[in-house]
Structure formats: structure tokens, C-alpha cells
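The structure appears below as C-alpha cells.
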């Protein structure tokens with residue numbers, strides 16, 4: 001369970017990183033759209049795990065490696081934005097957020113389930129009878 005302080009710090013980092021990815025460094029990632037879905041901060045506020053979603057990219061794993069290669073630049077830009085508000089600018093660890101792909105997979109599984117129609121003489125259909 002995150003403290004209120006961690007939650008506020010996470011929201012601040014998420015908002016600022018989203019703005020950085022969309023406005024300041026899109027040229028580094030070849031026009032791919034990167035959104036920050038979740039940020040989880042350690043209790044000492046020294047490490048931020050950043051989960052990103054990637055759209056319009058051919059290879060999301062390669063893009064993640066590119067983001068990780070540019071972590072220093074991204075952290076520097078984050079420090080310029082939040083440096084006056086926080087004591088420590090956290091180390092950033094980037095991960096792919098695959099929750100959208102997982103949800104699509106589960107949705108596909110549900111759509112493929114074959115449920116036979118119930119008949120009126122089936123006792124499980126009308127248990128009170």
C-alpha cells in the first residue's frame with residue numbers, strides 16, 4: 001500500500017514524464033506515441049518504476065531499449081521540471097505496460113467461448129421449478 005506522499009509523487013512524475021515524451025523527446029523515438037500508464041515509487045522516493053504503453057511502433061521491445069538508452073536525458077528533463085518541488089529526483093526504471101494487450105487477449109478468449117443456448121426443460125435453467 002502506497003502512502004499519500006508516494007501517490008502524489010507518482011502522479012507528479014507520471015504527468016511530467018507524459019509531457020516530456022509527447023513534447024520534448026518524440027524525435028528520439030521515431031514518431032512512436034509513448035504514454036505513461038503507471039508510475040510506482042519506492043518508499044524512500046529514490047526509485048520510480050515507470051510503465052509505458054507504446055503505439056504506432058513496429059517493435060515495442062526495441063523501443064523500450066531505446067527509451068532505456070535515453071534514461072539519462074529523460075531524467076535530466078524531469079529534474080529541470082520538478083527539481084524545485086522535490087528533494088531527490090528519482091532514478092527511473094522503464095517497463096512495458098502490457099495490460100491493454102492482456103485485456104484484448106482475455107476479450108478474445110471470452111468471444112471464442114461456445115455457450116449452448118438453454119432449453120426450457122433444463123432443470124438448471126429454472127432452479128425454482
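Numbering (UniProt numbering), first residue to last: 1 to 129. In this text, a Cβ means the ideal position worked out from N, Cα and C, and glycines have one as well. For clarity, every value in this text was computed on a predicted model and none was experimentally measured.
Entirely enclosed alpha helix (DSSP H) segments - the region 66–92, minimum 4 residues:
71–82
Find out if the Cβ-Cβ distance for the pair residue 75, residue 86 is shorter than 9 Å.
For the purposes of this step, residue 75 is taken as the residue at position 75 of the chain shown. For the purposes of this step, residue 86 is taken as the residue at position 86 of the chain shown. Result no, Cβ atoms of residue 75 and residue 86 do not sit closer than 9 Å.
Nearest-angstrom beta carbon gap, residue 50 and residue 6 [assumed within contact, 8 Å]:
Residue numbering aside, residue 6 sits at position 6 when the chain shown is read from its first letter. Residue numbering aside, residue 50 sits at position 50 when the chain shown is read from its first letter. That belief does not hold up - the Cβ atoms of residue 6 and residue 50 are roughly 14 Å apart, past 8 Å.
Distance, residue 98 Cα to residue 22 Cα
Here residue 22 corresponds to residue number 22 of the chain shown, with the count starting at 1. Here residue 98 corresponds to residue number 98 of the chain shown, with the count starting at 1. Spanning the two alpha carbons is a distance of roughly 20 Å.
Determine the contact status of residue 54 and residue 96, defining contact as a CB-CB distance below 9 Å.
In the chain shown, the residue the question calls residue 54 occupies position 54. In the chain shown, the residue the question calls residue 96 occupies position 96. Yes, the pair counts as a contact, with Cβ atoms nearer than the cut-off.
Assign residue 60 to one of three DSSP states: helix, strand, or coil.
On the chain shown, position 60 is the one that residue 60 refers to. It is helical.
In the DSSP assignment, find the beta strand (DSSP E) that holds residue 10 and state where it starts and stops.
In the chain shown, counting from the first residue as 1, residue 10 sits at position 10. No beta strand (DSSP E) contains residue 10, which is instead part of the alpha helix (DSSP H) from 4–19.
Determine whether the beta carbon atoms of residue 20 and residue 48 lie at a separation below 9 Å.
Start at 1 with the first residue of the chain shown, and residue 20 comes out as number 20. Start at 1 with the first residue of the chain shown, and residue 48 comes out as number 48. Not in contact: residue 20 and residue 48 (Cβ atoms no closer than 9 Å).
If we count the other Cβ atoms within 10 Å of its Cβ and call it buried at 16 or more, is residue 32 buried or exposed?
Residue 32 sits at position 32 when you count from the first residue of the chain shown. The residue in question, residue 32, is buried, as its Cβ has 16 or more Cβ neighbours within 10 Å.
In the DSSP assignment, what are the bridge partners of residue 115?
Here residue 115 refers to the residue found at position 115 when the chain shown is read from its first residue. None; residue 115 has no bridge partner.
If you draw a straight line from the C-alpha of residue 43 to the C-alpha of residue 10, how long is it?
Residue 43 sits at position 43 when you count from the first residue of the chain shown. Residue 10 sits at position 10 when you count from the first residue of the chain shown. Cα to Cα, the separation comes out at about 11 Å.
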